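See structure below.
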Amino acid sequence: MRFISAAAILFLLGVAFVSATNAVDTPGRRLVPFSIRYPTPIRSRTWKRELTPKDTVILEYGMEWAAVPSTTLKFKAHSDTPIVLLEDIEYLLDTILCHHSGSTFATEVELNFRSEDAYIEALASWSSHPSFILVTSHLTCNLDDRRGAWLVTDVQGHEMYLQVMLIAQPIPLHEIGPSFRISHLAVGSSSWLQPQRLIKRLDSDHLFSFGHTLDLAPRQQLFPPDSSLLLRSADEVLDVSASAGVQIFCVDCFSHTNFSVGAELEVIGLKIHSAHINVTVQDFQHNIQLKVSLDGNVSFHKSMDVIRAPLPDLAIELPEIGSVGFFYGGTINAELDITGGFNFTMGAKASVPAGAATTFVMAGDGSSSATGWDASSFELIPFRLNSGSLNASAQLSLSPFLDAEITILDEVVAQARLGVNTPHLTANPQIQSNVNRECQPAGANDLESFQTALSFGVHCVPRSCLRNCVEQRRGAFRKAT
């Protein structure tokens, strides 16, 4: 049976942004400061402008040895305290040294210039401000692969040595401005694989590996959940009450996804002012067969995660700022009302075309949207009764999802779930009378008919609405549509 309509094929794209006080630590990549070292002749035309303290600075981060940055931090300076980004003017300097005082928090930053013109311009420009903030990733001033910030309160010049000495105190990086914006983009692929049907990827894919592939057994138990497929907090208790006699298996299941993820967050003070997550599908293939085994009379209505694994190559960590972690998994949605023992298999195949995109607005202005999903396809895998009676009704789905865990300044912790929820598969038995072999009413031209026949139909129940539910942990902001 094939069920095609925009309502049934367009998957439920849900976002829940909720308090997560018991969030699991997210394995992720620690990003390092990124900067492009231009040859001196290219930079010499703008050297005076770069020496001037700025009202806005952009800090770039990426993986070690990366050719391009993946993440940017954009800061607006405080109204009376501009910012100097030292890496922008390193080509004007011979040496940079930070002298840390053992008894006080004061730091002396020693800058030795290559030319007298640059020395004079820096001394004049910086001395004109009562204070300013210096940001640098230089090794003598920071831990390895970190950026640090200093509040400069005094500027001293030594003309004989073309040297400027800055008297400063270290401050947390997030305090260099009243607000900042995080922009992050990553591309990757993920698979649930069963051993007989491994995916062969071309070297030309040019996609970051997620670094964690789920190898599902040919008959993988999903419920009761297999703890090896779940990453949960130590104090979280999995509720499997009212589920005695219910077993759900994934038979020859396969899910392969290539997509890019982008995140935009704006933080003002300690509050998330705006947050968007963008997902663009490059490839999505989903082939799920669920085998359900029930013992005796069972009424079972449950929705829970049965697979949840970290995606460390998508996750990021910005020291002193925060982290964004991603998890990939699947949720079982089941509504079973069974009288007597029962064992059956049902499933579905789904695909989403490359280019299908979704924007999730988790905070701020605008609304969530989706484009390119109308060309998706959905096909049922024929229902098969394995054993037992047919006095039963069932609704089942296994829905893939992408979780984001966002931590800002160790104080604002939240979770966002981007769910790609396939429609429910519904099965109900029917007794029919006087039908032909195709279970249609017998006619005059039918050579064979049956006085009583039992049919077991399977069809789709669409689950297609776009919902956005946002709750912020701090402040009065709350939105639900």
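For the sequence shown, the residue numbers in mature numbering (1 follows the signal peptide of the UniProt record, and there is no 0) are -23 to -1, 1 to 458. Backbone N, C-alpha and C fix where the C-beta goes; we use that ideal spot for every residue, glycine too. Quantities reported herein were computed from a predicted structural model and do not represent experimental measurements.
Count Cβ pairs between the segment 31 to 49 and the segment 91 to 101 that sit closer than 8 Å; are there 3 or more? no
Could you please give me the residues that DSSP links to V141 through a beta bridge? L88 and G134
Considering only the alpha carbon of each residue, which of A54, I385 and D351 lies closest to G299? I385
Taking buried to mean at least 16 other C-beta atoms within 10 Å of its own C-beta, is Q197 buried or exposed? buried
Classify N363 as buried or exposed, calling it buried when 16 or more other Cβ atoms lie within 10 Å of its own Cβ. exposed
Do C118 and I148 have their C-beta atoms within less than 9 Å of each other? no
Please classify S376 as buried or exposed, where buried requires at least 16 other C-beta atoms within 10 Å of its C-beta. buried
Where the alpha helix (DSSP H) containing residue 503 begins and where it ends: A query on residue 503 cannot be resolved here, the shown segment of the chain reaching from -23 to 458 and no further.
Starting from R26, follow the alpha helix (DSSP H) in both directions and report where the run begins and ends. W24 to L28
Rounded separation between F355 and H278 - CA only: 24 Å
Reduced DSSP category for S104 - H, G, I as helix; E, B as strand; rest coil: helix
I'd like the list of long-range same chain contacts for F326, defined as Cβ closer than 6 Å, with 5 residues on each side in sequence excluded. The residue you asked about is not Phe; residue 326 is Lys in the sequence shown. So the list reads N264 and E356, once near-sequence residues are dropped.
When we look at the beta-carbon of D351 and count the other beta-carbons within 10 Å, is it buried (16 or more) or exposed? exposed
Please name the residue in G125, R91 and S105 whose C-alpha comes closest to that of V9. G125
When you compare the CB positions of V86 and T130, do they come within less than 9 Å of one another, or not? no
Which of helix, strand or coil does DSSP assign to L111? strand
How would you call A240, buried or exposed, if buried means at least 16 neighbouring beta carbons within 10 angstroms? buried
What is the DSSP secondary structure of I73, reduced to helix, strand or coil? strand
Ignore the nearest five residues each way along the sequence and tell me which others in G39's own chain have a CB closer than 8 Å to its CB. L8, V9, F11, V45, P46, S47 and T48
Under 9 Å between the Cβ atoms of A101 and L128? no
Look at L267 and C227 and say whether their C-beta atoms are less than 9 Å apart. yes
Report the partner residues of C227 according to the DSSP bridge assignment. Q197 and L267
Rounded distance between the beta-carbons of H161 and I293, thought under 8 Å: 6 Å
Spatial neighbours of K53 within its chain, please: C-beta separation below 8 Å, excluding the five flanking residues on both sides. D32, T33, G154, P155, S156 and F157
Just tell me which of E152, D260, T322 and D229 has its CA closest to the CA of T58. E152
On the CB-based measure, 16 or more other CB atoms within 10 Å of its CB, does E136 come out buried or exposed? exposed
Can you say whether I225 is buried or exposed, counting buried as having 16 or more other CB atoms within 10 angstroms of its CB? buried
Does the beta-carbon of N422 have 16 or more other beta-carbons within 10 angstroms, so that it is buried, or is it exposed? exposed
Helix, strand or coil for E356? Go by DSSP, reduced to three states. strand
Going by CA-CA distance only, name the one from G307, V61 and R123 that's closest to L111. V61
Among residues of its own chain, excluding the 5 on either side of Q262, which ones have a beta-carbon nearer than 6 Å to its beta-carbon? H233 and S328
Please classify L120 as buried or exposed, where buried requires at least 16 neighbouring CB atoms within 10 angstroms. exposed
What residue from P330, I245 and F303 has the CA that sits closest to V238's CA? F303
Do you know how far the Cα of S105 is from the Cα of V132? 10 Å
For R158, which beta-bridge partners are listed by DSSP? K51 and E243
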